[in-house]
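Participant:
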């Protein structure tokens, strides 16, 4: 194992410093800000509301629609041209699939819950931050959910299985594997799983075990953000 | 061995464990999975005997028959008006349900309600697809003129009204305003400019603090001292 | 808050507003934070009342345009993201976003607020190009003025990235302490005419009740650098004169707020 110490000195199960706040966009039905290291996602939930275009409406239950956008100045290099990139489309879709299993929109047929996520700055783990922010925002909006969804990337860097890779680890000049995971708190079931890089099966299973610990840390913060909004000593609201 | 895991009136998040064991029953916004009961929304715990329910702190309005709501006219059709109810569902107000007087066939409906007008209406029917039928024929239901309409989360409406209307009466008395509360979270306030502003601030204050104890005393103080 | 337009119009005639402000008062709080995005060369988050806008500056090195071979360039882009309002749609910028971007852009470009010649590296070959992106976060009304302030704050605090002297490659991860050649500080203020009376910093509801509006971009000396009239109702020359006066007064007020914020 050539990679024995992480580039920023963290322990293998240590996440970057995180900050989360619920209720940050007044017009939205629910919203949240979620920061992990230098990656920052702001989520706004609107709905249930009328579905446009109409043909997308489901007469049995409401649908979830995610819109993931990186602000043009949020990339680590040049400006990102505005517009729906293929990457953003794919991330939007996996976001929907990571949240849909917990959301219950059976009482709202022919409606849509739109989740918009904008990122003002990024440093790896963006889709995970987006999902974690979206989960807080959905709860803030009072959408019925059977559990919270917590997301963080795990992986391996040159043989060392770690949690929450930052950009430098993702780009480390050796064999790397980046595995974004989203997990339900109660059952530890996985609703998002993607991977790029290379990894052995043993390391993969190790990484997924590590994901349980890592997502739990995200969960604690999500709960805190929601409960803080309604804390008794928040009298100056 | 049943055990309650949370306290009455504590704030819980979706998926949070409320109780263990088969003696408890899941009420509104709670569900059972194996031998545990969990919350389904962000809300306050409310235990009544063996039933644990969660009162949501926010959330969408579910249209119900007999509810009085405030709606906005979006479109005029041959048979009446299509209205926005501040939900995912539009509602129909039929001409024959709008007024007790006889409406001639060629009559210009926009003279009764024009596009953009707001009205206090009542829900008479909700279909399985949440399509809504309204009436404006009963006493207290009418087109809205003057004053201002504010929007609060519909989950806070019971607190704004208060037990047997005590809270809304307090606000009306202290501000001198006429106030009509729609179950969909839209509230019509009409009075003097100062009175309306005071009432609006009071209602927003309730919306922010509704989950805290001693709300009535807080509101009496708030209305007593504000200019 | 939703209300009939008539109420806002009636109150305006009596110099009153729904939230107890005077007609020429800006909402509170006015919050300006800069360097909010570590990936941008310059950035700001501005909040006035409940309206929140973020702006970010990105710099790149490009070949200058043929007809201005010794100049760099600047462009302002705006996205009215649906995260900010149930009335904004997904998709490419609609006319409201386009107008906002272009009006803010003209205020900077036509005022020659940035010395484009100083952005030139090698005439005909390389020059710095500045792109400012405006993203709405919460539309509580008066987005244009809030966006204008955010853009100015972002431009003022922007820093050039490090350029490798041998390869000419930009290292975006490192910033120099060299700021943009800002010769002027343009700021747009929009004055609204409601029921014959002039109003500043409207909420969403007040915005829906206007008859005409005039955006005036100006610099610290009071020189006008951009104008845009909007609304269906015509304006007299006298009215325009009054609106310009009010806009200049308010621009001066916001500039003071910006200076206060940047010192903190």
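Residue numbers (my numbering), protein chains in the order written: chain A, 1 to 237; chain B, 1 to 227; chain C, 1 to 264. Just so it is clear, CB atoms sit at the ideal spot from N, CA and C, and this is done for glycine as well. Predicted model, so just to flag it, every value in this text is computed and none were measured.
In terms of alpha-carbon separation, which member of 21/C, 13/C, 56/C and 33/C lies closest to residue 155/C?
Facilitator: It is 56/C whose Cα lies nearest to the Cα of residue 155/C.
Participant: Between the segment 132 to 149 of chain B and chain C, which residues of the former have CB atoms less than 8 Å from a CB of the latter, in chain order?
Facilitator: Correct list: 144, 145, 146, 147, 148 and 149.
Participant: When DSSP builds the beta bridges, which residues end up paired with residue 180/A?
Facilitator: Answer is 153/A, bridged to residue 180/A.
Participant: Which first and last residues belong to the beta strand (DSSP E) in which residue 129/C is found?
Facilitator: Per DSSP, residue 129/C belongs to the beta strand (DSSP E) from 126 to 138.
Participant: For a contact meaning CB atoms closer than 8 Å, what does residue 54/C contact in chain A?
Facilitator: Under the 8 Å cutoff, chain A gives 71 and 120.
Participant: Taking Cβ-Cβ distances shorter than 8 Å, what residues in chain A pair up with residue 129/B?
Facilitator: Under the 8 Å cutoff, chain A gives 59, 109 and 110.
Participant: Please specify which runs of the beta strand (DSSP E), each continuous and at least 3 residues long, are wholly inside the segment 147 to 222 of chain C, giving them in chain order.
Facilitator: Runs found: 159 to 163, 170 to 179, 187 to 194, 197 to 200 and 212 to 218.
Participant: Residue 141/A touches chain B at which residues, Cβ-Cβ below 9 Å?
Facilitator: Neighbours of residue 141/A on chain B, chain order: 42, 58, 59 and 60.
Participant: Is residue 227/B buried or exposed, if buried means 16 or more other CB atoms sit within 10 Å of its CB?
Facilitator: Bear in mind that a pLDDT of 43 at residue 227/B, under 50, signals an unreliable position, so the model cannot answer this.
Participant: Beta-carbon of residue 15/B versus every beta-carbon of chain A: anything under 8 Å?
Facilitator: Judged by the 8 Å Cβ criterion, residue 15/B is in contact with chain A.
Participant: Round the Cβ separation of residue 195/C and residue 13/C to the nearest angstrom and send it over; I've been treating them as touching at under 8 Å.
Facilitator: Rounded, the Cβ-Cβ distance is 5 Å, consistent with contact.
Participant: With distances taken Cα to Cα, identify the nearest neighbour of residue 244/C among 11/C, 202/C, 187/C and 261/C.
Facilitator: Here the closest residue by C-alpha is 187/C.
Participant: With distances taken Cα to Cα, identify the nearest neighbour of residue 155/A among 132/A, 142/A, 203/A and 26/A.
Facilitator: It is 203/A whose Cα lies nearest to the Cα of residue 155/A.
Participant: Which one or two residues does DSSP pair with residue 38/C in a beta bridge?
Facilitator: Answer is none; residue 38/C lacks a bridge partner.
Participant: Restricting to runs no shorter than 3 residues, where is the beta strand (DSSP E) found entirely within the segment 79 to 131 of chain A?
Facilitator: Counting only runs of 3 or more, we get 111 to 121.
Participant: Between residue 116/A and chain C, is there a C-beta pair that is closer than 8 Å?
Facilitator: For residue 116/A, the answer is yes, since a Cβ of chain C falls inside 8 Å of its Cβ.
Participant: Return the residue from the list 61/A, 146/A and 151/A that minimises the CA-CA distance to residue 113/A.
Facilitator: Closest option to residue 113/A, Cα to Cα, is 61/A.
Participant: Could you tell me which residues DSSP pairs with residue 48/B in its beta bridges?
Facilitator: Note: residue 48/B sits in a beta bridge opposite 51/B.
Participant: If we cut at 8 Å on Cβ distances, does residue 116/C have a partner in chain B?
Facilitator: Not an interface residue.
Participant: Quick one: what's residue 8/C bridged to in DSSP?
Facilitator: Bridge partners of residue 8/C: none, in fact.
Participant: Measure the CB-CB distance between residue 131/C and residue 58/C and report whether it falls below 8 Å.
Facilitator: Contact: yes.
Participant: Between which residues of its own chain and residue 66/A is the CB-CB distance below 6 Å, once the five residues before and five after are set aside?
Facilitator: The residues are 92, 95, 96 and 115.
Participant: Ends of the beta strand (DSSP E) at residue 39/A?
Facilitator: Counting along the chain, the beta strand (DSSP E) containing residue 39/A begins and ends at 39 to 50.
Participant: By the criterion of Cβ-Cβ separation under 7 Å, what are the contact partners of residue 27/A in chain C?
Facilitator: The contacting residues are 84, 85, 86, 138 and 139.
Participant: Return no unless some Cβ of chain C is closer than 8 Å to the Cβ of residue 208/B.
Facilitator: So, not an interface residue.
Participant: According to DSSP, simplified to helix, strand and coil, what is residue 236/A?
Facilitator: With a pLDDT of only 46 at residue 236/A, under the threshold of 50, the placement of this residue in the model should not be trusted; the figure read from the coordinates follows. Note: residue 236/A maps to coil in three-state DSSP.
Participant: By Cβ distance below 7 Å, which residues in the same chain neighbour residue 28/A in space, the five residues on each side in sequence not counted?
Facilitator: These residues qualify, in order along the chain: 44, 45 and 46.
Participant: When Cβ atoms are compared, which residues of the segment 37 to 48 of chain A fall closer than 8 Å to chain B?
Facilitator: Against chain B - using a Cβ distance shorter than 8 Å - the residues of the segment 37 to 48 of chain A are 47 and 48.
Participant: With residue 161/A and residue 227/A assumed to form a contact (beta carbons below 8 Å), what rounded beta-carbon distance in angstroms separates them?
Facilitator: In fact, because the Cβ distance is near 32 Å, the residues do not count as touching under 8 Å.
Participant: With 8 Å as the threshold, decide whether the Cβ of residue 225/A is near any Cβ in chain C.
Facilitator: No - not a single Cβ of chain C is within 8 Å of the one on residue 225/A.
Participant: Going along chain C in order, which residues have a C-beta closer than 8 Å to the C-beta of residue 223/B?
Facilitator: Those do not exist, as residue 223/B stays about 16 Å from chain C at its closest Cβ, beyond 8 Å.
Participant: Are there three or more Cβ pairs, one per stretch, closer than 8 Å when the segment 162 to 171 of chain B is compared with the segment 210 to 220 of chain B?
Facilitator: Flag = yes, the segment 162 to 171 of chain B and the segment 210 to 220 of chain B touch.
Participant: Examine chain B for any beta-carbon lying closer than 8 Å to the beta-carbon of residue 11/C, and answer yes or no.
Facilitator: Output row for residue 11/C: interface = yes.
Participant: Would you mind stating whether residue 100/A and residue 68/A have Cβ atoms separated by less than 8 Å?
Facilitator: No.
Participant: Per DSSP, what are the beta-bridge partners of residue 92/B in this structure?
Facilitator: The partner list for residue 92/B (beta bridge, DSSP) reads 82/B and 133/B.
Participant: Give me the Cβ distance between residue 165/A and residue 178/A, rounded to the nearest whole Å; I'm assuming they're in contact under 8 Å.
Facilitator: Rounded, the Cβ-Cβ distance is 6 Å, consistent with contact.
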